[in-house]
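Single-structure report; data block below.
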Amino acid sequence: MSNFLSSSIGKKFLMSITGLFLVTFLFIHLSLNALLLVNDDGELFNAAAHFMATNPLIKIMEPILALGFIVHIIYASLLTLQNQKARGSDRYASGNSTPDVSWASKNMYILGATVLAFLIVHIAQFWVKFKITKELEPTHIDIAGVKTEVENAYFLVNKTFGILWVVIVYVIGSIGLAWHLSHGVWSAFQTLGWSNTLWRKRWEVIGTVIAWIFGIGFSAIAVLQYLFFQ
Ligand code: HEM
149 MSNFLSSSIG KKFLMSITGL FLVTFLFIHL SLNALLLVND DGELFNAAAH FMATNPLIKI
209 MEPILALGFI VHIIYASLLT LQNQKARGSD RYASGNSTPD VSWASKNMYI LGATVLAFLI
269 VHIAQFWVKF KITKELEPTH IDIAGVKTEV ENAYFLVNKT FGILWVVIVY VIGSIGLAWH
329 LSHGVWSAFQ TLGWSNTLWR KRWEVIGTVI AWIFGIGFSA IAVLQYLFFQ
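Here the sequence shown stands for residues 149 to 378, where the numbers follow my numbering.
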């Protein structure tokens, strides 16, 4: 097993599994964040945030999600170093001019690093304030007919998206994510062996659509919050 994980294909396998796991998280994350665009003073978003903060299954998933990110980043670094070593000085000769290979596929590490830089800002702005410094005010919402006290997650997110530079960082981060995934998703299916000549083309289309759903979706939430919800 340890031999497999230290081989090139083993590393790519782990990157594919963790990558697709992170994509699943992003679908849930985008769906819940879309509630920020409901015109109800954040009631639905607060109800969803309350459910996520109190559900035991979500609590179990949080460290697993963090582990997914860590493994993905460590193995991306190992593979990139290994590829650079293998190419030696050739990488300067072939470099970015290799035909028939997308810009994203040649720059996955840079795009991943852009997403990571965004993620550090994002975690500091939300997760740390939600979970560590606990900067959330209480509010009351109706849950199944019962007035319940919950944390006003909407107020913090809405206030954050009132700042132009934050919105710009979110748009850049989301476009970096979309670009990263436009290669990452189909490449993961290829590595896992669920691909042939016909399916490779299909995964490319499916991967690009998924990638831009995230890119446009996350950007739109930040931009629309800034423009119409302040
Ligand atoms: C409009 C864009 C986004 C909004 C409004 C948003 C909102 C939030 C909020 C409110 C939290 C804190 C949740 C909590 O601790 O209970 C959070 C956490 C998190 N976000 Fe985002 N997010 C956005 C985009 C993204 C993107 C693009 C990524 C990944 C590239 C991402 C990854 C994460 C991660 C890993 C966490 C910590 C895990 C968690 O608690 O769920 N988010 N986000």
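Cβ coordinates follow ideal geometry from the N, Cα and C atoms, glycine included.
Separation of residue j from residue i, as counted between CA atoms
i	j	result
S335	W342	10 Å
V186	V314	21 Å
V269	V276	10 Å
A252	H331	6 Å
A368	S150	43 Å
L213	F173	8 Å
L170	E210	12 Å
K159	Y318	30 Å
K254	G260	12 Å
L312	K282	24 Å
S156	T296	52 Å
L226	I258	14 Å
Y374	T262	23 Å
S154	V219	13 Å
F175	D188	23 Å
T166	F217	7 Å
L372	L329	23 Å
S164	T339	7 Å
G321	L168	19 Å
F366	L178	7 Å
L267	L346	35 Å
Q232	V249	17 Å
A182	A370	10 Å
I271	A234	35 Å
Simplified DSSP assignment, three categories, for residue i
i	result
L168	helix
K295	strand
Q338	helix
I323	helix
V249	coil
I311	coil
V186	coil
Residue i: first and last residue of the uninterrupted beta strand (DSSP E) it sits in
i	result
I291	286-291
Residue range of the unbroken alpha helix (DSSP H) whose run includes residue i
i	result
G355	345-376
T281	No alpha helix (DSSP H) contains T281, which DSSP labels as neither H nor E.
F266	256-270
V305	301-308
G216	204-235
F152	150-154
Any 3 or more C-beta pairs closer than 8 Å across the stretch 191-210 and the stretch 286-305: yes
Hey, is the stretch 201-215 in contact with the stretch 354-374, meaning 3+ C-beta pairs nearer than 8 Å? no
Given 8 Å as the limit, is there contact between the stretch 340-354 and the stretch 274-291, that is, 3 or more CB pairs closer than that? no
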